[in-house]
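Note sheet for the following structure.
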Amino acid sequence: MIALAADHGGYALKEEVKQWLDSQKIAYKDFGTHSTDSVDYADMAVLACDAVVSGECEKALLFCGTGIGISMAANKVRGIRAACCSDYFSAKYTRLHNDANVLCMGGRVVGAGLAIELVDIFLHTEFEGGRHQRRIEKIAQLENR
Ligand code: RB5
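One point on numbering: in the numbering used here, the residue at position 121 of the sequence shown is 122, and numbering is uninterrupted.
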């Protein structure tokens, strides 16, 4: 199960990605927002991120205008490793090397075609582990300072 959330700036892109997830028969839970009415991205990020941390959802896809604000909020949630991506290489390597569990994208930055490519590689790339495991453990240690 994939968690989805967006603010008003990411709402339209979330809806486009949902259509692709439907076509791929990938199950998701949409935590909103459900219109272009203004909402605060931190309020939306926490809903999807809590679902990842609890284990209800395996990963989350988050959307705001730039992808940046919602990624900043997501990374404040203990256990979340969120990556804001607008290129294919980053979306792939944040899975391989960072074991990112949240992909953030900007609805005012990337078009639907690119966003779908980013989601596809993000959802279908496994973490490499090895030396990268130690590094993500050090990220987790920062949560305890
Ligand atoms: C909302 O206007 C906008 O600031 C938000 O979607 C996002 O781009 C923030 O990082």
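A virtual CB, placed ideally from N, CA and C, is assigned to each residue, including glycine. All figures in this text were calculated on a predicted structure; none of them were measured in a lab.
Between the C-alpha atoms of D44 and L115 there is a straight-line separation of about 26 Å. Listed in chain order, the alpha helix (DSSP H) runs fully inside the stretch 105-131 are 113-124, counting runs of at least 4 residues. Your pair G68 and C85 checks out as a contact, with CB atoms roughly 4 Å apart and the cut at 8 Å. Relative to the Cα of D41, the nearest Cα in the group L104, R79, A74 and G112 belongs to A74.
In terms of Cβ geometry, C65 and K30 do not form a close pair [threshold 9 Å]. Annotated three-state conformation of C85 is strand, per DSSP. Burial state of T37 is exposed, judged by a 10 Å Cβ sphere holding fewer than 16 other Cβ atoms.
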